[in-house]
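> Structure in structure tokens, see below.
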Amino acid sequence: MTIMPRLTGLRRALAIILGAQLLFWCAYALIIAGLQPVGTLEEYRLPAARALLASEPAEVGAYAAGLSGPAMLRIPGWQPVVLQPAQASLLSRAETSAGNEWSLTCWGNPCPEAATAYAGPFDRMDEAAGREKFQRFDMVWLVVVTELMMGAALLVLLPVNGFSRLQCVTGLLLISVGIDAWLTTFGAESLPYVWFLLLRYGVEYLMLTLAALAVNAFADWRSREAWAACGCFGVAFVILLGTMIAGVGFATIVPWLDAVALTLLSGYGVLALLRMGRTAPGPAIRVLAILLVALASIGFDLFLLPPPTGFALQASVLAPPLTMFGILFEIALQGHRLNQEAEEARSDLERQVLEQDASLLRSSRLLRHQERLIAIDAERQRLLRDMHDGVGGVLTHLLLDVRENRLTSREIEQGLQSSVDDLRNMASAIDAGNEPIDEALAMFQERMAGRLARSGITLDYRCTLPIPAPSLDARRLLSLYRLLQEGIANSLRHASATRIELAMNPGDDGAILVILSDDGTGFEPERASGAAGEGRGLANIRRRADQMGGRIAIESAPGRGTQLTLAIPTHAAARKA
């Protein structure tokens, strides 16, 4: 059961590795085919070309392939000419011929073994020099610019990707590759020789260190391994600096340092890829394929590339930009995968939030339902208590008094009417609860006006509250009904009033002013306070005003009637509603 998946994974790994090699070498072959000259220069190679120069009617030029610096070319019968790397020079005939041997003498250093001189038509020499210039110098500039631009782009885009460690190290690695390519090709001519070698090899080992850090970041960053890589770079740089100070040639120490550095980097890369292969085999295989492309290009240049008859483009020159494009492609794949995982996590989080919101909504609805049930039950219990203490108490006393014949028919009628009124107040308060207070008191005035009219008393109602008017809950509205009924009963029993007015006006701080006034005989409030009948009249009015959270003011004088002013704060009403 486990053999087939392993074979499938092995075939997939081989397909990726071979595919990367195929893509690289196809690109290399296409570039070489595009740079291949139509003909060869073998017939113009010195010294065999001397016989053709005498009969050449067009402009004659010379060119030396593979030069590392200026060189002096001497051909019998022609003026000596200075040749520059990857440049063709015109030849001029000499009046006298000095000797029969030609020579190519390089200035400064001996000529490279691969240096080959050609002489012939100037356009052919210039074309060959142009191809060499493109392969040796222009391609290097292309690599330098490409690496620097890609590295700078990765560093500039760091804030967009949350300062990714892999992106940062890869950007620095690309920049170091570009600098190393420039130093290798152009540094010797542009920098002082003393500092050039230290800078050249220092950048090379820095590039290898950044390559190790990039592998570390790709294979799940480990700080101890990163510090070890930086320590190795520090040791290598100290050795280079000591070599320069001691005056020992770099040629004696650099090969050993190169061998140690490449061995350590290769071993660490294999271990890191094996470690990553257990958790992320796909990315590990792709990185291995890229590294094998780079190694194959170096091996091709060292062992298979033939000595140039012209100048052949080295595969290792193309390896950095192409492999870096592969690394960037892998980073893009990893970024796409991370974005997909983040999107899936976001979708899962949204789903969980929606489920939690739905659960909270259900809980909220259930809680509100329970609160309504509790409020209804509390209201039912309160009404039962009110009926027991109010109507029930009055009816019980009436029953006892009737049994003992202590009441007249008139008193029995008044007691029963009081109980009926209290029951109507309860029913009205329940029906009009949380309705605008002006509508609730209009219903109260309509109910009481008929009874008072039979007694010859007029009940007027006036309301100046803004629309919509505030509302009271059923309990507070019942207390207001009972307060007004107590006030009207006092006017009937004690004031001999013929006209009663009920008014509602807006008060200070949003309060509601409920005013009940009559044109009765009036009284002196100071003397009435504490009197024998005050406990069943004014005391009840004050108690009910306190139950509502309001303030009651009583104004009266003998012969001037009585006015009750009740101030009900609307914020209290809203809080208790």
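So the sequence shown is residues 0 to 576, counted in numbering that gives the first Met the number 0. No residue lacks a Cβ here, since even glycine has one placed at the ideal position from N, Cα and C. Source: prediction; values computed, not measured.
1) Bridge partners of G558, per DSSP?
2) For E100, count neighbouring Cβ atoms within 10 angstroms of its own Cβ and tell me buried if that reaches 16, exposed if not.
3) Would you call the region 238-255 in contact with the region 264-272, where contact means no fewer than 3 C-beta pairs closer than 8 Å?
4) Please confirm whether R336 has its beta-carbon closer than 8 Å to some beta-carbon of chain C.
5) With distances taken from CA atoms, which of D219, L207, L196 and A228 is nearest I252?
6) How big is the Cα-Cα spacing for G549 and A502?
7) Our contact map puts L182 next to L198 with C-beta atoms below 8 Å; I'd like the distance itself, whole angstroms only.
8) Is it right to say P467 is buried, meaning 16 or more other beta carbons lie within 10 angstroms of its own, or is it exposed?
9) Considering just the uninterrupted stretch of the alpha helix (DSSP H) at G150, what are its terminal residues?
10) Take A531 and list the residues in its own chain whose beta-carbon comes closer than 7 Å to its own, dropping the five residues that flank it on each side.
11) Among I178, L190 and F185, which residue has its Cα nearest to the Cα of Y204?
12) Could you tell me the alpha carbon to alpha carbon distance between A180 and V139, rounded to whole angstroms?
13) Return the Cβ separation of N504 and T463 in integer angstroms, given the expectation that the two are a contact with Cβ distance under 8 Å.
14) Let me know the secondary structure DSSP gives W181 once reduced to three states.
15) Let's test the definition: count the other Cβ atoms within 10 Å of the Cβ of R574 and tell me whether it reaches 16, buried, or not, exposed.
16) Please classify G60: does DSSP put it in a helix, a strand, or coil?
17) In the DSSP output, what is I551 paired with across the bridge?
18) Checking 8 Å against the spacing of the C-beta atoms, do G506 and L512 come in under that value?
19) Alpha carbons only, please: which of R475, A441, A439 and S495 is nearest the one belonging to G455?
20) When the Cα atoms are used, what is the spatial distance from G534 to A357?
21) Using the beta-carbon count (16 or more within 10 Å), is F232 buried or exposed?
22) Could you tell me if E146 is buried or exposed, where buried requires 16 or more neighbouring beta carbons within 10 angstroms of its beta carbon?
23) Helix, strand or coil for P306? Go by DSSP, reduced to three states.
24) Decide if G309 is buried, meaning its Cβ has at least 16 other Cβ atoms within 10 Å, or exposed.
25) According to DSSP, is S163 part of a helix, a strand, or is it coil?
26) The alpha helix (DSSP H) that contains E445, what's its start and end?
On the basis of the supplied data:
1) Answer by DSSP bridge pairing: none, since G558 is not bridged.
2) exposed
3) no
4) Protein chain content of the structure displayed is limited to a single chain, and chain C is not contained in it.
5) L196
6) 16 Å
7) 7 Å
8) exposed
9) M138 to V155
10) Unreliable positioning characterises A531 in this predicted model, as indicated by a pLDDT of 46, which lies under 50. The coordinate reading is nonetheless provided below. Result list for A531: empty, nothing under 7 Å.
11) I178
12) 7 Å
13) 5 Å
14) helix
15) Here R574 scores only 42 on pLDDT, less than 50, and its place in the model should not be relied on; the value that follows carries that caveat. With fewer than 16 Cβ atoms within 10 Å of its Cβ, R574 is classed as exposed.
16) strand
17) L565
18) yes
19) S495
20) With a pLDDT of 44 at G534, under the threshold of 50, the modelled position of this residue cannot be trusted, and the question is left open.
21) buried
22) buried
23) Its pLDDT being 49, under 50, P306 is placed unreliably by the model, and the measurement read from it follows with that caveat. Three-state result, P306: coil.
24) In this predicted model, G309 has a pLDDT of only 44, less than 50, meaning its place in the structure is not dependable; the value taken from the coordinates is given anyway. Buried, by the Cβ-count rule.
25) coil
26) I436 to R453
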